[in-house]
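S.K.: Numbering (this note's numbering), first residue to last: 1 to 127.
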């Protein structure tokens, strides 16, 4: 039996990479923008992979599932901050579309992961 690590989870790798992309984007903003929208979007983006990691480390299905739900909430929060960033002309339409699409992929993969861990636990619905 092979031993899987957190880094083997594609959804974790994608979320981690996404949060780095947000970090580097925000780091170029002016002080006021970083201090308001910037801190919020960085925190919510970081929270996506952080919650996946924390749940993965729990080794108990129900706790893992709950942290995945927190992660899913952070995805939606980040989408909201991206929309605010676009409306306030902090990011271009192209940046918005690229980042939003990446979040959509993470969201889909997180739902698939939730279904997978549910089936592994014997719960047919995966929820």
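Where is the CB? At the ideal position from N, CA and C, for every residue including glycine.
Predicted, not measured: the structure shown is a model, and the values here were computed from it.
Let me know if residue 15 comes out buried or exposed under the rule of 16 or more other beta-carbons within 10 Å of its beta-carbon.
M.R.: Taking the first residue of the chain shown as position 1, residue 15 is located at position 15. Label assigned to residue 15: buried.
S.K.: Helix, strand or coil for residue 80? Go by DSSP, reduced to three states.
M.R.: Here residue 80 corresponds to residue number 80 of the chain shown, with the count starting at 1. Residue 80: helix per DSSP, three-state reduction.
S.K.: Which residues mark the beginning and the end of the alpha helix (DSSP H) in which residue 107 is found?
M.R.: Residue mapping note: residue 107 aligns to position 107 of the chain shown, counting from 1. Note, residue 107: alpha helix (DSSP H), 93-120.
S.K.: Is residue 30 helix, strand or coil when you go by DSSP?
M.R.: Indexing the chain shown from 1 puts residue 30 at position 30. Correct three-state label for residue 30: coil.
S.K.: Could you pull out every residue in the same chain whose Cβ sits closer than 8 Å to the Cβ of residue 51, ignoring the five residues on either side in sequence?
M.R.: Here residue 51 refers to the residue found at position 51 when the chain shown is read from its first residue. Same-chain partners within the cutoff: 67, 68, 70, 71 and 74.
S.K.: Going by C-alpha to C-alpha distance, which of 114, 81 and 42 sits closest to residue 129?
M.R.: It is not possible to answer for residue 129, since the shown part of the chain is limited to 1 through 127.
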